[in-house]
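Quick note: my numbering has the sequence shown finishing at residue 226, numbered continuously throughout. Written below as structure tokens is the structure these notes are about.
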Amino acid sequence: MEKILYVEDDLSLIDGLKYTLEVNGYSVDTARTVKQALAVFRGNSYQLLLLDVTLPDGSGFDVCREVRKSSSVPIIFLTASDQEISVVQGLDLGGDDYITKPFRLNELLSRIKALLRRSAGFSKAVFLEANGIKVDVVERRAWKDGSLLALPLVEFRLLCLLMRNPNHLLTREAILDSLWDGAGNYVDDNTLSVYVRRLRNKIEETPNAPRYLLTERGIGYKWVVE
């Protein structure tokens with residue numbers, strides 16, 4: 001049974017969503033503060049985190065920031081704001097997806113299923129290696145010049161997709177279809193740009209003048225192997 005940590009301070013929302021998730025076959029732990037969430041997370045193993053952005057002692061962003069220091073567990077933000085700055089901040093910190101309140105339960109369940117499916121999708125024992133980057137697909141880890149990279153799920157998937165298609169231009173549409181299982185209609189084009197920029201900052205010596213992850217403006221991206 002897949003285990004989810006749900007971080008939310010509103011008791012009425014906790015009861016309803018926890019019940020829905022459990023009815024749909026998930027095991028759910030809950031926390032109401034940043035401090036409690038981090039304590040629970042460190043004492044357990046989870047397949048996915050649901051993080052409300054606004055918490056009494058901080059925010060879901062604070063939880064994400066700490067979790068990403070040691071884990072690439074998939075993270076979905078639940079936010080009452082659809083402002084771009086809030087969404088971008090969550091993705092920049094390592095979030096994999098977000099959904100704006102109020103949301104439909106069926107949509108949230110679909111997002112959870114898709115993210116868990118993608119997380120479990122790397123099942124072949126294979127290593128990818130080029131340009132000083134090495135990827136262990138099974139363990140879902142990546143290194144740059146021997147140093148471990150902190151890559152959340154979507155960044156990891158993006159890197160694998162690019163490395164599996166060296167020197168080949170991938171259109172933005174093809175990348176979105178691959179990353180979001182062909183259901184990327186709820187992910188706008190700007191979101192992909194955020195992931196690409198974040199990945200460049202981790203793998204390029206000079207992110208503003210990239211050597212490996214190149215952009216074909218208005219079309220897509222290419223992983224250049226030297």
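Using N, Cα and C, we set each Cβ at its ideal position, and we do this for glycine too.
Residue-level contact to chain D via CB, residue i, 9 Å cutoff
| i | result |
| --- | --- |
| V67 | Going by chain labels, chain D is absent from the structure shown, which holds only one protein chain. |
Alpha carbon of residue i to alpha carbon of residue j, nearest angstrom
| i | j | result |
| --- | --- | --- |
| M1 | L21 | 12 Å |
| K113 | V23 | 14 Å |
| T79 | K35 | 19 Å |
| D29 | D9 | 13 Å |
| V53 | G95 | 11 Å |
| K18 | L50 | 11 Å |
| D62 | H168 | 38 Å |
| P74 | V88 | 16 Å |
| N131 | L148 | 15 Å |
| S119 | I99 | 18 Å |
| A174 | F77 | 25 Å |
| E275 | G218 | Residue 275 cannot be examined here, being either before or after the span of the chain that is shown, 1 to 226. |
| N185 | L176 | Note that N185 scores a pLDDT of 45, beneath 50, so its modelled location is shaky; the value from the coordinates is reported in the next line. Rounded to the nearest angstrom, the two C-alpha atoms are 9 Å apart. |
| L11 | K101 | 15 Å |
| L179 | L93 | 18 Å |
| T171 | Y221 | 7 Å |
| E155 | R32 | 28 Å |
| T206 | V126 | 28 Å |
| K134 | E204 | 14 Å |
| M163 | T215 | 15 Å |
| S27 | V40 | 14 Å |
One or two residues paired with residue i in a DSSP bridge
| i | result |
| --- | --- |
| E216 | G220 |
| K144 | I133 and S147 |
| I4 | V28 and L48 |
| L55 | G58 |
| L170 | Y221 |
| L128 | V135 |
Per-residue burial, residue i [other beta carbons within 10 Å of its own, 16 or more giving buried]
| i | result |
| --- | --- |
| P152 | buried |
| A142 | buried |
| G60 | buried |
| L159 | buried |
| D97 | buried |
| L105 | exposed |
| V196 | buried |
| V138 | exposed |
| G43 | exposed |
| V110 | Going by the sequence as given, residue 110 is Ser instead of Val. With fewer than 16 other Cβ atoms within 10 Å, it is exposed. |
| V225 | exposed |
| F103 | exposed |
| R198 | buried |
| A37 | buried |
Which runs of the beta strand (DSSP E), 3 residues or longer, sit entirely within the segment 69-124? Qualifying beta strand (DSSP E) stretches, in chain order: 75-79 and 97-100.
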